[in-house]
Amino acid sequence: MDELIDEAVVGELSRLLGNAGFRPDALVVAAGSVDGRKLRQRVDVVRDALLVDLPDSYARTARLVRDAFADEELRGWMLWPVSEAVVDRALATDRVREFDDAMAVLALLTTRFTGEFAIRAMLAARLERAIGIAETWTSHPDEHVRRLASEGTRSHLPWAKGVPALVGRPYTRAIVDQLYRDESEYVRRSAANHVNDLSRDHPDVAAEIAAGWLSAPDDNTQRVSRHALRTLVKKGHPRALEVMGFTGAEFVVDGPTVDESVVALGDSVRFTGRVTNGGTEPVRAAIDFVLHFQKSNGETRPKVFKIGVSALQPGESIDIAKSFAMQPRTTRVLHLGEHALELQVNGVAYGRAVFDLV
Numbered sequence: 022m023d024e025l026i027d028e029a030v031v032g033e034l035s036r037l038l039g040n041a042g043f044r045p046d047a048l049v050v051a052a053g054s055v056d057g058r059k060l061r062q063r064v065d066v067v068r069d070a071l072l073v074d075l076p077d078s079y080a081r082t083a084r085l086v087r088d089a090f091a092d093e094e095l096r097g098w099m100l101w102p103v104s105e106a107v108v109d110r111a112l113a114t115d116r117v118r119e120f121d122d123a124m125a126v127l128a129l130l131t132t133r134f135t136g137e138f139a140i141r142a143m144l145a146a147r148l149e150r151a152i153g154i155a156e157t158w159t160s161h162p163d164e165h166v167r168r169l170a171s172e173g174t175r176s177h178l179p180w181a182k183g184v185p186a187l188v189g190r191p192y193t194r195a196i197v198d199q200l201y202r203d204e205s206e207y208v209r210r211s212a213a214n215h216v217n218d219l220s221r222d223h224p225d226v227a228a229e230i231a232a233g234w235l236s237a238p239d240d241n242t243q244r245v246s247r248h249a250l251r252t253l254v255k256k257g258h259p260r261a262l263e264v265m266g267f268t269g270a271e272f273v274v275d276g277p278t279v280d281e282s283v284v285a286l287g288d289s290v291r292f293t294g295r296v297t298n299g300g301t302e303p304v305r306a307a308i309d310f311v312l313h314f315q316k317s318n319g320e321t322r323p324k325v326f327k328i329g330v331s332a333l334q335p336g337e338s339i340d341i342a343k344s345f346a347m348q349p350r351t352t353r354v355l356h357l358g359e360h361a362l363e364l365q366v367n368g369v370a371y372g373r374a375v376f377d378l379v
């Protein structure tokens with residue numbers, strides 16, 4: 022991943038900007054210093070070099086970038102530091118005119134590489150103005166610009182600078198409400214991820230957004246809403262379960278039962294169970310399992326994993342047989358000791374089986 026911006030890419034950026042009248046002195050030096058760094062550090066090095074070489078004037082910087090963009094070869098990861106340099110120049114003026122123009126430049130650049138990272142500084146500087154402009158992008162003819170309206174304003178965008186105001190208050194419903202029925206799956210998925218982000222801090226708002234979508238659906242809305250509320254459904258949020266049709270059910274759950282009470286680190290824990298519709302009406306069952314991981318302090322931490330969704334007629338059962346690899350990962354440290362498993366159906370936990378990880 023780090024090699025996406027390497028010496029060759031920076032050298033190509035120097036050439037392309039040079040063709041537009043740019044003198045890339047610091048950028049040439051930066052090209053030789055990116056190797057061995059993490060991707061974010063490489064972006065910073067190249068952006069800082071651009072800020073040394075680019076004109077001090079925002080207007081001249083924006084003109085040069087637009088001129089260079091006429092070359093179709095200016096695209097891809099090399100545009101990440103370019104977009105951040107444009108934003109830096111615009112914000113340094115502290116003027117609305119330059120702010121608005123920089124947003125227009127981001128919309129242009131995002132057609133060849135996402136502006137979702139660069140826009141975060143714009144949101145932090147003038148949140149409501151940036152969101153207002155992003156709302157106009159929801160009707161843009163280019164799907165990449167429409168996606169930027171949603172992706173760039175996510176409250177918990179991976180890799181990106183945090184914008185605390187986006188977390189504190191859900192400003193962006195108007196954006197996602199315009200995009201959940203977008204013709205592009207790429208855009209619809211971004212809208213769903215945006216609402217899933219909202220659900221971390223404003224679960225009731227996220228559930229009501231999906232409810233609104235499902236009141237005016239198209240062929241994709243059920244799937245988009247399911248993706249938007251995936252975290253809330255796992256957590257058993259009552260309104261989210263109701264919105265997705267996982268309510269009014271009476272289940273009989275047998276298990277889980279683990280095959281072995283002792284599992285070696287690196288092996289898999291295997292378990293079985295059965296879920297039965299004990300009611301008199303057909304139901305939808307969102308079936309998950311909850312694994313309670315041992316922590317270093319002796320306490321446990323629950324983590325929900327999806328099994329699937331089943332439609333069950335009255336009296337109908339579904340048998341479950343699953344395994345989970347108890348292997349350390351870069352995102353998960355495993356500690357030896359007692360662990361526990363539960364089945365979860367429509368957000369409600371059933372049963373408890375324990376095993377020792379050794």
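In this text, residue positions in the sequence shown follow our numbering: the first is 22, and each later residue adds one. Using N, Cα and C, we set each Cβ at its ideal position, and we do this for glycine too.
From the options, residue whose alpha carbon lies closest to that of residue i
| i | options | result |
| --- | --- | --- |
| isoleucine 152 | Arg133, Thr132, Gly173, His165 | Gly173 |
| aspartate 203 | Lys182, Val166, Arg175 | Val166 |
| alanine 47 | Pro191, Leu71, His248, Gly32 | Leu71 |
| alanine 170 | Arg244, Leu148, Pro185, Ser338 | Leu148 |
| leucine 95 | Gly300, Thr132, Lys256 | Thr132 |
| valine 406 | Ser104, Arg44, Asn367 | In the structure as shown, the chain begins at 22 and stops at 379. Residue 406 is therefore absent and cannot be evaluated. |
| aspartate 56 | Arg44, Ala146, Ala145, Gly32 | Gly32 |
| aspartate 240 | His223, Val226, Ser205 | Ser205 |
| isoleucine 154 | Phe134, Thr193, Ala181, Lys182 | Thr193 |
| glutamate 28 | Ala142, Tyr201, Val67 | Val67 |
| threonine 321 | His360, Gly294, Arg295, Thr293 | His360 |
| methionine 22 | Asn318, Leu60, Val311 | Leu60 |
Span separating the alpha-carbon of residue i from that of residue j
| i | j | result |
| --- | --- | --- |
| tryptophan 98 | leucine 286 | 40 Å |
| arginine 36 | valine 30 | 10 Å |
| glutamate 93 | proline 185 | 36 Å |
| arginine 260 | glutamate 229 | 8 Å |
| threonine 82 | glutamate 156 | 26 Å |
| valine 264 | serine 246 | 9 Å |
| glycine 189 | aspartate 222 | 8 Å |
| glycine 277 | histidine 248 | Inspection of the sequence shows that residue 277 is occupied by proline rather than by glycine. Cα to Cα, the separation comes out at about 26 Å. |
| proline 224 | glutamate 137 | 24 Å |
| phenylalanine 134 | valine 117 | 25 Å |
| valine 73 | tyrosine 79 | 13 Å |
CB contact below 8 Å: residue i versus chain D
| i | result |
| --- | --- |
| proline 259 | Structure shown: chain D not included; a single protein chain is present. |
Residue j beta carbon less than 8 Å from that of residue i
| i | j | result |
| --- | --- | --- |
| leucine 333 | valine 304 | yes |
| valine 254 | phenylalanine 267 | yes |
| proline 335 | glutamate 363 | no |
| threonine 297 | serine 236 | no |
| leucine 382 | valine 379 | Residue coverage of the chain in this structure runs from 22 to 379, which leaves residue 382 outside it and unanswerable. |
| isoleucine 328 | aspartate 309 | yes |
| valine 284 | methionine 347 | yes |
Cβ separation of residue i and residue j, assumed to be a contact under 8 Å, to the nearest whole Å
| i | j | result |
| --- | --- | --- |
| leucine 85 | glycine 39 | Not quite, the Cβ-Cβ distance comes to about 11 Å (not below 8 Å), so this is no contact. |
| valine 274 | glycine 372 | 6 Å |
Problem set entry | Contained alpha helix (DSSP H) runs [length at least 4] in the segment 216-290, N- to C-terminal order | 224-236, 242-249, 251-256, 259-264
For this session: Identify every run of the alpha helix (DSSP H) within the segment 23-83, keeping only runs that are complete inside it and at least 4 residues long; order them along the chain.
Result: 28-39, 46-52, 60-74
Problem set entry | Those runs of the alpha helix (DSSP H) which lie wholly inside the segment 183-209 and span at least 4 residues | 185-189, 194-200
For this session: Let me know the beta strand (DSSP E) ranges lying completely inside the segment 134-174, each 3 residues or longer, listed in chain order.
Result: none
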